[in-house]
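Chemist: Starting off with a structure, shown below.
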Amino acid sequence: MADDLTNLSANELLQLYRNKTASPVEVTQALLARIATLQPHFNAYRSVDGDAALAQAKASEARWQQSLPQGLLDGVPVGFKDLLNVQGFPTRKGSLATADKVQTEDCPAAARLRESGAILLGKTQTAEFGWKGLTETKLAGVTPNAWDRQYASGGSSGGAAVSTALGLGPLHVGTDGGGSIRQPASVNGVFGFKPSYGRVAGYPAAHNGTLFHIGPITRTVTDAALLLNVIAAPDVRDWTSLPSEGRDWTLNLNEGIKGLRIAYSRTLGYLKVDSGISAITDRAVAKLTELGAIVEEVDPGFANPSPILEALAAERAIRLRHDIGDAGLALLDPSIRASLEKAERHTLTEVVEANQRRGELAAQMRRFHQRYDLLVTPVTSQPVPHLGKAPEAPFLSPFNLTQQPAASVPAGFDINGLPVGLHIVAAQYNDALVLRAARAFENIQPFPALHLSSLRERAPTWGLA
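Written out as structure tokens, the structure reads:
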């Protein structure tokens, strides 16, 4: 029964609670046991407070016994990427340059979830300061891929994606400043959703400013919508947060995509993609046609925006230097320190011009979506690499610049048997359409389930050279 509980979705758990056929205490105990078993092998969590989780579960159980749940996710366990503050846990951000100091204030997402009665289970591993797409740090060691421990889990929300795939909690909150939800979701075979910027409030402000999105990593689209129902809310501490739409994001999920106009871009017009990845994406897009969508092969028409991102990295570098000082800089991974120093060489004029080009790109995509409801692309351009190298996902960061909603849905497996994702993008603020398209794809091609009996027993290489 315990293994069964850890394999259930949040939606299924809530049904059990309503029917009083399982309790939040049983679920939490099962999850803590599973974490204890798998954490030594996958290093997915940074920290877990079992006693606090069980105390929250007991309080939730009492409410459900009276059929008086506190909120929409009462009794459902949730994990948080360790870039986000959660009361009672340190926020180490994957770095030796941070202090092991317990936080006394929740970030907005954690606050909304605590208010809803959710069980705040723990913090998941992240790349150092979310800087790289690889969850391997001097502070915490290596978090390997959930499907094969010889391979990379991606990042920077690698711990959240691995935890989701392994059944170490049904709901996880990640962050995405350039693909950090979608890339690890893709390579670990789970659903990752980057809402429109500001849909989920953030505090404290992120180093990469208005590129930084907060969103769900889950095993099902419905679970992501359930999580969004709670965390998609403004917060007075974040002046950029969007007003609440007061909507139920699970509504209309099953309306399908018949008649939608979908643009399919294999390369965005400038990228090189592995032929196997292209073949998987082609098959996935064919499924969209089967569902009645009108698909046209077309590129969105913008040039590679990497120069814009490189110039804007100067702002991130200055904020990071300010926060950790010279002593902290000396403790950074050398590759991050080199990137920071390179970023700081950009001039103020270059940063201002980059912001102007960013605005032009966003306007261009708004015009594009007057013709097309959705844009679909691959997530990654190459098969998942071995440990020590970040998966290549150059399709993702342009849509942080434009602040559009986007998701990665499991679409197949690469030549090494590792998951591959399909990237779905909608116009800014049309988050519901991304969820609806993802759910339609999930219906026609159910997302793969990872079972412990199928795990390859290859040990990861712990630590970093």
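In my numbering, each residue's number is its place in the sequence shown (first place is 1) plus 4. C-beta atoms are modelled at their ideal positions from N, C-alpha and C, and glycine is treated no differently.
(1) On the criterion of 16 or more Cβ atoms from any shown chain inside 10 Å, does Trp243 qualify as buried, or is it exposed?
(2) With three or more C-beta pairs closer than 8 Å as the rule, is the stretch 347–354 touching the stretch 364–378?
(3) Taking DSSP's pairing of strands, which residues face Gly332 in a bridge?
(4) Is it true that the CB of Val383 sits closer than 8 Å to the CB of Ser190?
(5) When DSSP labels each residue in this structure, what does Arg265 get in the three-state scheme?
(6) Is the beta carbon of Gly98 less than 8 Å from the beta carbon of Leu143?
(7) If we require 4 or more residues per run, which alpha helix (DSSP H) segments fall completely within the stretch 311–362?
(8) So what does DSSP say about Leu18, is it helix, strand or coil?
(9) If the criterion is Cβ atoms closer than 8 Å, does the pair Val80 and Ala122 meet it?
(10) Let me make sure I understand the geometry here. Which of Thr128, Glu294, Phe84 has the alpha-carbon closest to that of Cys111?
(11) My guess is that Leu379 and Pro304 are in contact by the Cβ rule of under 8 Å, so how many angstroms apart are they, rounded?
(12) Could you check whether the stretch 33–53 touches the stretch 86–104, counting it as contact only if at least three pairs of C-beta atoms, one from each stretch, sit closer than 8 Å?
(13) Looking at the structure shown, is Thr41 part of a helix, part of a strand, or coil, going by DSSP?
(14) Apart from the five residues on each side of it in sequence, which residues of its chain come closer than 7 Å, Cβ to Cβ, to Ile328?
(15) Does the stretch 352–364 touch the stretch 313–323, meaning 3 or more C-beta pairs lie closer than 8 Å?
(16) Does Ala156 come out as helix, strand or coil in the three-state DSSP assignment?
(17) Please look up how many angstroms separate the CB atoms of Lys262 and Pro409, rounded, as I've assumed it's under 8 Å.
(18) Taking the straight line between their C-alpha atoms, what separation do you get for Leu344 and Arg323?
(19) Can you look up Lys62 in the DSSP assignment and give me helix, strand or coil?
(20) Helix, strand or coil for Ser190 per DSSP?
(21) Does the Cβ-Cβ distance between Thr226 and Ser412 come in under 8 Å?
(22) Judging by CA-CA distance, which residue of Ile419, Glu300, Lys127 is the nearest neighbour of Pro389?
(23) In the DSSP assignment, find the beta strand (DSSP E) that holds Gly425 and state where it starts and stops.
(24) Should Ile281 and Gln386 be called a contact, given that it needs their Cβ atoms to be closer than 8 Å?
(25) So, for His211: in the same chain, excluding its five sequence neighbours on each side, which residues have a beta-carbon less than 6 Å away from its beta-carbon?
(26) With DSSP run on the structure shown, which of helix, strand or coil describes Ile284?
(27) For Leu365 versus Leu422, is the C-beta spacing smaller than 8 Å?
(28) Roughly how many angstroms separate the alpha carbons of Leu275 and Glu396, rounded to a whole number?
(29) Rank Glu140, Leu175, Leu264 by C-alpha distance to the C-alpha of Thr293 and give the top, closest one.
(30) Check the DSSP bridge columns for Val299 and list the partner residues they point to.
(31) Let's see if you can read the secondary structure: which residues bound the beta strand (DSSP E) around Arg475?
(32) Could you name the residues of the same chain whose beta carbon sits closer than 7 Å to that of Gly435, not counting the 5 residues immediately before and after it, in chain order?
(33) In angstroms, rounded to a whole number, what distance separates the CA positions of Asp3 and Asp278?
(34) Taking 8 Å as the cut-off, decide whether the C-beta atoms of Gly182 and Leu231 are in contact.
(35) If we count the other Cβ atoms within 10 Å of its Cβ and call it buried at 16 or more, is Ser339 buried or exposed?
(36) Here's a check: name, in chain order, each residue in its chain whose Cβ is nearer than 6 Å to the Cβ of Asn308, leaving out the five neighbours to either side.
Modeler: To lay it out plainly:
(1) Position 239 of the sequence shown, counted from the start, is the residue given in the question as residue 243. Trp243 counts as exposed, since fewer than 16 other C-beta atoms from the protein chains shown sit within 10 angstroms of its C-beta.
(2) For the pair of segments examined, the stretch 364–378 was found not to touch the stretch 347–354: the number of CB pairs separated by less than 8 Å stays below three.
(3) Here residue 332 is taken as the residue at index 328 of the sequence shown, counted from 1. DSSP links Gly332 through a beta bridge to no other residue.
(4) The residue labelled residue 190 in the question sits at position 186 within the sequence shown. The residue labelled residue 383 in the question sits at position 379 within the sequence shown. The criterion of a C-beta distance shorter than 8 Å is satisfied by Ser190 and Val383.
(5) Along the sequence shown, one-based indexing puts residue 265 at 261. Here Arg265 sits in strand by DSSP.
(6) Position 94 of the sequence shown, counted from the start, is the residue given in the question as residue 98. Position 139 of the sequence shown, counted from the start, is the residue given in the question as residue 143. Cβ atoms of Gly98 and Leu143: closer than 8 Å.
(7) Entirely contained in the stretch 311–362, the alpha helix (DSSP H) runs reaching 4 residues are, in chain order, 338–347.
(8) Looking up residue 18 in the sequence shown gives position 14. Leu18 falls in the helix class under three-state DSSP.
(9) Against the sequence shown, residue 80 aligns to sequence position 76. Against the sequence shown, residue 122 aligns to sequence position 118. Contact annotation: Val80 and Ala122 have beta-carbon atoms nearer than 8 Å.
(10) Residue 111 sits at position 107 when you count from the first residue of the sequence shown. Answer by Cα proximity: Phe84.
(11) Residue 379 sits at position 375 when you count from the first residue of the sequence shown. Residue 304 sits at position 300 when you count from the first residue of the sequence shown. Confirmed, about 6 Å.
(12) Yes: the two stretches touch, three or more of their Cβ pairs being nearer than 8 Å.
(13) The residue labelled residue 41 in the question sits at position 37 within the sequence shown. It is helical.
(14) Walking along the sequence shown from the start, residue 328 turns up at place 324. In the same chain as Ile328, and ignoring 5 residues on each side of it, the C-beta atoms closer than 7 Å to its own belong to Ala101, in chain order.
(15) Yes, they touch.
(16) Residue numbering aside, residue 156 sits at position 152 when the sequence shown is read from its first letter. Here Ala156 sits in strand by DSSP.
(17) Numbered from its first residue, the sequence shown carries residue 262 at position 258. Numbered from its first residue, the sequence shown carries residue 409 at position 405. Not really, about 21 Å apart at Cβ, beyond 8 Å.
(18) Residue mapping note: residue 344 aligns to position 340 of the sequence shown, counting from 1. Residue mapping note: residue 323 aligns to position 319 of the sequence shown, counting from 1. If I take the Cα positions, the gap works out to 10 Å.
(19) To locate residue 62, count along the sequence shown from 1; it is residue 58. Here Lys62 sits in helix by DSSP.
(20) Numbered from 1 along the sequence shown, position 186 holds the residue referred to as residue 190. Residue state for Ser190 is assigned as helix, using DSSP reduced to three classes.
(21) Residue 226 sits at position 222 when you count from the first residue of the sequence shown. Residue 412 sits at position 408 when you count from the first residue of the sequence shown. Their beta carbons are not under 8 Å apart, which means Thr226 does not touch Ser412 by this criterion.
(22) Stepping through the sequence shown from its first residue, residue 389 is reached at position 385. Closest by C-alpha distance to Pro389, out of Ile419, Glu300, Lys127, is Ile419.
(23) Position 421 of the sequence shown holds residue 425. Its beta strand (DSSP E) spans residues 423–430.
(24) As a working note, residue 281 is residue 277 in the sequence shown. As a working note, residue 386 is residue 382 in the sequence shown. Going by C-beta atoms, Ile281 is nearer than 8 Å to Gln386.
(25) Within the sequence shown, the letter at position 207 stands for residue 211. Excluding residues within five positions, the ones whose Cβ falls inside 6 Å are Arg320, Arg323, Leu324.
(26) In the sequence shown, residue 284 corresponds to position 280, counting from 1. In the displayed model, Ile284 falls within a helix according to three-state DSSP.
(27) Stepping through the sequence shown from its first residue, residue 365 is reached at position 361. Stepping through the sequence shown from its first residue, residue 422 is reached at position 418. Pairing Leu365 with Leu422 gives a Cβ-Cβ distance that is not under 8 Å.
(28) As a position in the sequence shown, residue 275 is number 271, starting the count at 1. As a position in the sequence shown, residue 396 is number 392, starting the count at 1. So the alpha carbons of these two residues sit roughly 11 Å apart.
(29) For the purposes of this step, residue 293 is taken as residue 289 along the sequence shown, with counting starting at 1. In this structure, Leu264 is the residue among Glu140, Leu175, Leu264 with its C-alpha nearest to the C-alpha of Thr293.
(30) Along the sequence shown, one-based indexing puts residue 299 at 295. DSSP output for Val299 lists Ile266 as bridge partner(s).
(31) What is shown of the chain runs 5 to 469, which leaves residue 475 out entirely.
(32) Counting from one through the sequence shown, the residue named residue 435 turns up at place 431. Correcting the residue identity first, residue 435 is Asp in this sequence and not Gly. Excluding five sequence positions before and after Asp435, the CB atoms of its chain that fall closer than 7 Å to its own CB belong to Pro199, Ser200, Arg203, Pro409, given in chain order.
(33) Given that the chain is displayed from residue 5 to residue 469, the structure contains no residue 3 and the question cannot be resolved.
(34) As a first step, residue 182 is located in the sequence shown; it is residue number 178 there, counting from the start. As a first step, residue 231 is located in the sequence shown; it is residue number 227 there, counting from the start. Not a contact, by the Cβ cut-off of 8 Å.
(35) Within the sequence shown, numbered from 1, the residue matching residue 339 stands at position 335. Around the beta-carbon of Ser339, fewer than 16 other beta-carbon atoms lie within 10 Å, marking it exposed.
(36) Here the question's residue 308 lines up with position 304 in the sequence shown. If we look at Asn308 and ignore the five residues flanking it on each side, its Cβ neighbours are Tyr274.
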